[in-house]
Amino acid sequence: MQITQIVGAALACSILGLAGCGSSGGGSNTGADTGADSGPAEQLLSQIRLNQYGYPVGGDKFATVVTGAAVPLSWNITTAGNGEVVLEGQTLVLGADKAAGEKLHRADLSGLTEAGSYVLNVEGAESRPLLVANELYGDLFVDSARFYYFHRMGVAIESPFLHNPLHGHQAIHPTDDALPCFDNWCGEGVTLDVKHTWYDAGDFGAYPVNVAISTWTLLNAYEFAALEFSDQQLTLPESGNGIPDLLDEVRFGSTFMGGMLPPGNQLASHKIHNQQWSGFEGNIDLENSMERYAQPPSTAATYAIARNAAHLARVFLEYDADYAQQQWLLANDAWQRAETNPVVYYTSATKDSAGGGDYDDTNILDDRYAAAAELWISSVAFDRAKTAGFAEQVRSAEDFLGFDENGAQQWQSVEGNGSLSLWLHRDQVGLSEAERQTLQANILATAKRAQIKLDASGYPMVYNPSELTPEQIWPWGSNSFVLNRLMLLGYAHRLTGDVAHLRNMYRGMDYLLGNNPLDLSFVTGYGEHYERDLHDRVAFPLLRDQGIEFPPGWVAGGPLTGWQGCDNATPETGAPAKRYGPAGTATEAWCSKEVAINWNSPLVWVTAYLAATPLN
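What follows is the structure, given as structure tokens:
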């Protein structure tokens, strides 16, 4: 370290009160060392938090400074090349932040309106690289969408379609085309063809309710049409067939859905997975040899198949009419089964194999509403004789035009899916003026809640359970709650044209990409200090053993609170927004470092929208 750096570090320690000063280093005092170097210089850098990937030229640009100083601090921005000062200012004192357990200042850098590479300096401390660009998020859209190819089951994952040829691997569970039912619930000797979908998260299960929320988000991104989705965009085996690659990927992931319906009029299998949990050996031959079943049925899974198929039918109509018609028939079959069989809830008490998640749900009113909404919309193109009937089912639902309290699209609360689809197709289905006004008000109310959280938080959090009290729960997959709120801001922007909603979307991405209490980009490959250590039973051992990084564009689940004993590595004490698995704990930190198909799908949606809607 040069003398000038030592002097600067000492000055920063005395004024900012930075963590790690006066010691030989060491990790975070929250128990969540996220893998940064632990020397003094790194500690200084980490106290100035910013979007490590970049800011839009015409957007808001805020950095967060961790300091107990009671008065504003001076800052300046210098060019990365020659150190020329291009902007100066004073921080805003924010004080104590409940989520972070820190005292914070904010630096407003929005006066920086020239694209380039810079450094933010605060009282002798330097930030990580600060990038301002005209175009952001196009690459992240592509990378986040390519997450799904890696997670395909039933086919070999081949090198030509991967970022790194070493990411390739043999097929996982290629024999799912003849899967027996647990305890023969679907009939003696009956097997189901459920081959070809994505493995769900860190495990190798497949769950209709979670596939449905994931495919809905991807198909909704396509229908929202902010970005031009095209063939050969994602480099897939199907590329070149004249169909947008995103739709090819959704089609593959949805393939197993029809096979989840047993012969006769039975309800759909709720899930498929192994008899016992898989290990972390990275041995796919061993994984493929494990005992595996289609688990007992549920009404929720059956409605999930109905809405997924109805959605696919209308989207694919212009590309593959035969496939679209097949999906329309499947949607009606699943709907009829869900409507005519007694309701079956899936709970933790349901007798099944131990090797997968429950995805338990004892409220299916939202599932029914969302399925009816997709069938109503698609019936206009496929069977107008059924339109009035589905319209009545939708309008009479208690969830009509509603959202869950967070506005998030969750597998367990899917009313928002139906409502957003109805807004997109309001003319097609003929929503009344009063219905449109109600729906738009509900969308804007969710956007307002995001704004309130953003204004009340020290960091750019559009979803912050700790805004009022630190005891509020940060749910499993909290980063997906952030992303789903950003989706609603996209709808609010489209609805009103108010650029404030778009600015808030960009600020929400700041949190995910490094302006957060962990000084960590939760997205692999994006930012200077990004997550390299995720819970995925194929990727982690495969990449660890070869010494290569994860593919870019995968988002980690995020901090979690309120679940004692959830795993062996996610901290159970400390500031809520810092309860995230330390570096090197991926195999044990499934409650915070896991990846999931329903968490990456809103990242695809949001980055597609931002890539098409720059703030220049």
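According to mature numbering (1 follows the signal peptide of the UniProt record, and there is no 0), the stretch in the sequence shown is residues -19 to -1, 1 to 597, in order.
We put the CB at the ideal spot given by N, CA and C, even for glycine.
- In the three-state DSSP reduction, A206 falls in the coil class, being neither helix nor strand.
- A straight-line Cα-Cα distance of about 7 Å links H177 and G234.
- Following the DSSP letters along the chain, one finds G135 in no beta strand (DSSP E), marked with neither H nor E.
- In the assembly as shown, E512 is a buried residue. Its beta-carbon has 16 or more other beta-carbons within 10 Å.
- In this structure, V74 places its C-beta atom within 8 Å of the C-beta atom of H86.
- Contact between E355 and V296 fails: their C-beta atoms lie close to 11 Å from each other, not under 8 Å.
- Per DSSP, G370 is one residue of the alpha helix (DSSP H) stretching across 368 to 376.
- Residue environment analysis places D548 among the buried positions, since at least 16 neighbouring C-beta atoms fall within 10 angstroms of its C-beta.
- The three-state reading of DSSP puts Q256 in coil, since its state is none of H, G, I, E or B.
- Counted as a single uninterrupted DSSP element, the beta strand (DSSP E) harbouring W56 occupies residues 55 to 60.
- In the DSSP assignment, the residues bridged to C162 are A275.
- In terms of CA proximity to R30, T48 leads the group T419, Q409, T48, T60.
- Excluding five sequence positions before and after E219, the CB atoms of its chain that fall closer than 6 Å to its own CB belong to D229, given in chain order.
- The residues I(-5), L(-4), V46, T48, Q71, T72, H86, V103, E104, in chain order, have a CB closer than 8 Å to that of L54 in the same chain once the five nearest residues on each side in sequence are set aside.
- The beta carbon of P155 sits closer than 6 Å to those of G135, all from its chain and outside the five residues before and after it, given in chain order.
- If you check the CB distance, V231 and L199 come in under 8 Å.
- The three-state reading of DSSP puts P552 in coil, since its state is none of H, G, I, E or B.
- Here the alpha carbons of I194 and L310 stand approximately 20 Å from one another.
- R365 counts as exposed, since fewer than 16 other C-beta atoms from the protein chains shown sit within 10 angstroms of its C-beta.
- Contact between the stretch 329 to 338 and the stretch 246 to 265 is present: three or more C-beta pairs spanning the two stretches fall below 8 Å.
- Runs of the alpha helix (DSSP H) lying entirely within the stretch 456 to 499, each at least 4 residues long, are 459 to 477, 480 to 493 in chain order.
- Assignment of H510 by DSSP, reduced to helix, strand and coil, places it in the coil class.
- For a cut-off of 8 Å, the C-beta gap from A88 to F43 is around 7 Å, short enough to register as a contact.
- Between F128 and N581, the gap from beta carbon to beta carbon is short of 8 Å.
- Under the DSSP assignment, G97 falls in the beta strand (DSSP E) whose first and last residues are 97 to 103.
- Note on geometry: alpha-carbon atoms of Y561 and L420 lie some 36 Å from one another.
- Per DSSP, the continuous alpha helix (DSSP H) segment holding T588 begins and ends at 578 to 593.
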